[in-house]
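Peer 1: Take a look at this one; I'll ask things after.
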Amino acid sequence: METKKIGVFDSGIGGVTVLKEIVKFLPYEDYIYFSDSIHNPYGEKDDNTIIKICDNITQTLINQNCKCIVIACNTASAKAAKYLRNKYSNIPIIAIEPAYKMVYDYAYNKPTLVMATKGTIESEKFHMLYKKYDNHKTYLLPCVGLADIIEDGNFEKIRKYLEENISKYKGKVENVVLGCTHYPLITKEIKDILGDVQFFHGATNLAKHLKDVLEEKNLLENNRGNIQFIDSQKSKQKQERFFNILSQ
Ligand code: DGL
12 METKKIGVFD SGIGGVTVLK EIVKFLPYED YIYFSDSIHN PYGEKDDNTI
62 IKICDNITQT LINQNCKCIV IACNTASAKA AKYLRNKYSN IPIIAIEPAY
112 KMVYDYAYNK PTLVMATKGT IESEKFHMLY KKYDNHKTYL LPCVGLADII
162 EDGNFEKIRK YLEENISKYK GKVENVVLGC THYPLITKEI KDILGDVQFF
212 HGATNLAKHL KDVLEEKNLL ENNRGNIQFI DSQKSKQKQE RFFNILSQ
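For the sequence shown, my numbering begins at 12 and goes up steadily by one.
Written out as structure tokens, the structure is:
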């Protein structure tokens with residue numbers, strides 16, 4: 012019998028930053044990672060479009076024997092998690108969100124910059140999180156186009172983008188919430204501009220939570236830790252980058 016897998020998806024390869032954490036907690040699971048290059052980026056798409064895209068990906072992953080789904084994209088989580096949980100109520104759907112509660116728990120008094128896509132920052136889901144944990148010293152920065160250039164891996168463009176868009180926060184913030192799963196790939200470049208800030212990213216907490224859920228539902232497996240990569244554009248280059256980052 013074919014073993015059951017954990018399905019993970021993002022608009023591209025950014026969700027690898029989430030998968031990396033998951034694998035630390037669950038090394039004996041098999042995974043399918045779905046990178047949706049065709050529809051990348053998600054950041055400025057409307058809610059219904061994102062819901063439809065995520066519904067198709069979820070269906071594809073379930074058809075390929077996935078026992079649970081991890082939405083490794085903050086934008087997709089903000090817009091489609093509720094819909095997917097309603098429609099696929101028989102399997103766990105675990106969704107990443109900007110780690111703003113972590114700031115509340117561990118660094119409440121410090122000025123904070125939340126970086127995320129426009130879609131995430133403007134979403135109802137994020138708005139509720141922000142209202143609940145507001146430390147009244149927070150700047151919200153919709154980083155239009157940033158995930159896109161990270162996806163392309165063009166570091167010259169990334170440095171220029173950050174120079175133009177985050178330099179004004181230098182000396183003003185001590186916490187940075189990485190509210191898009193692509194951003195942990197550029198922490199060095201962010202530090203080069205903002206100095207020694209503390210980063211907050213939801214991946215570790217998500218991984219712990221996923222393990223708890225699978226344990227509770229008796230869904231843990233003892234497999235080989237196989238990771239299968241699917242890209243909706245069949246991009247070999249993305250596949251190479253994905254496995255490179257995963258092995259670092
Ligand atoms: N990794 C996605 C996120 O966490 C990127 C969004 C995009 O494709 O614009 O929001």
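Note that beta-carbon positions come from the ideal geometry of N, C-alpha and C, so glycine has one too.
Please name the residue, chosen from Pro195, Glu227, Leu173, Glu226, that lies closest to threonine 215 on a Cα-to-Cα basis.
Peer 2: Checking every option, the nearest Cα to that of threonine 215 belongs to Pro195.
Peer 1: Quick check: what's the CA-CA separation for glutamate 185 versus threonine 198?
Peer 2: Cα to Cα, glutamate 185 sits roughly 14 Å from threonine 198.
Peer 1: Are the segment 37 to 57 and the segment 229 to 237 touching by the rule of at least three beta carbon pairs closer than 8 Å?
Peer 2: Because the criterion of three Cβ pairs below 8 Å is met, the segment 37 to 57 and the segment 229 to 237 touch.
Peer 1: Hey, would you say lysine 89 sits closer than 9 Å to isoleucine 62, going by beta carbons?
Peer 2: For clarity, residue 89 is alanine in the given sequence; the question names lysine instead. Contact: no.
Peer 1: Verify the contact flag: asparagine 85, CB atom, against every heavy atom of the ligand DGL, threshold strictly below 8 Å.
Peer 2: Yes.
Peer 1: For lysine 219, count neighbouring Cβ atoms within 10 angstroms of its own Cβ and tell me buried if that reaches 16, exposed if not.
Peer 2: Under this definition lysine 219 is an exposed residue.
Peer 1: Residue ranges of each alpha helix (DSSP H) run of no fewer than 4 residues wholly in the segment 120 to 192, ordered along the chain?
Peer 2: The qualifying runs are 129 to 132, 135 to 144, 157 to 163, 166 to 177.
Peer 1: Measuring from the CB of serine 22, is there a heavy atom of the ligand DGL at a distance below 8 Å?
Peer 2: Yes, since a heavy atom of the ligand DGL falls inside the 8 Å radius drawn around the Cβ of serine 22.
Peer 1: Measuring CA to CA, which of Leu72, His50, Leu189, Lys16 is closest to asparagine 211?
Peer 2: Note that residue 211 is phenylalanine in the sequence shown, not asparagine. Among Leu72, His50, Leu189, Lys16, the Cα nearest to that of phenylalanine 211 belongs to Leu189.
Peer 1: How about isoleucine 105: is its Cβ closer than 8 Å to a heavy atom in the ligand DGL?
Peer 2: The answer is no for isoleucine 105.
Peer 1: Given a cut-off of 9 Å on the beta-carbon distance, is the pair isoleucine 33 and lysine 16 in contact?
Peer 2: For isoleucine 33 and lysine 16, no; Cβs fall outside 9 Å.
Peer 1: Note down the Cα distance separating isoleucine 107 from leucine 140, rounded to an integer number of angstroms.
Peer 2: Taking the straight line joining both Cα atoms gives about 13 Å.
Peer 1: I think isoleucine 64 touches glutamate 162, with their Cβ atoms under 8 Å apart; what is that distance to the nearest whole Å?
Peer 2: That pair is no contact at about 16 Å.
Peer 1: Determine the extent of the alpha helix (DSSP H) in which glutamine 75 is found, giving its start and end residues.
Peer 2: It is not in any alpha helix (DSSP H) - glutamine 75 carries neither H nor E in the DSSP assignment.
Peer 1: Excluding the five sequence neighbours on either side, which residues of its own chain have a C-beta within less than 8 Å of the C-beta of glutamate 9, listed in chain order?
Peer 2: Outside the displayed range of the chain (12 to 259) lies residue 9, so it cannot be described from this structure.
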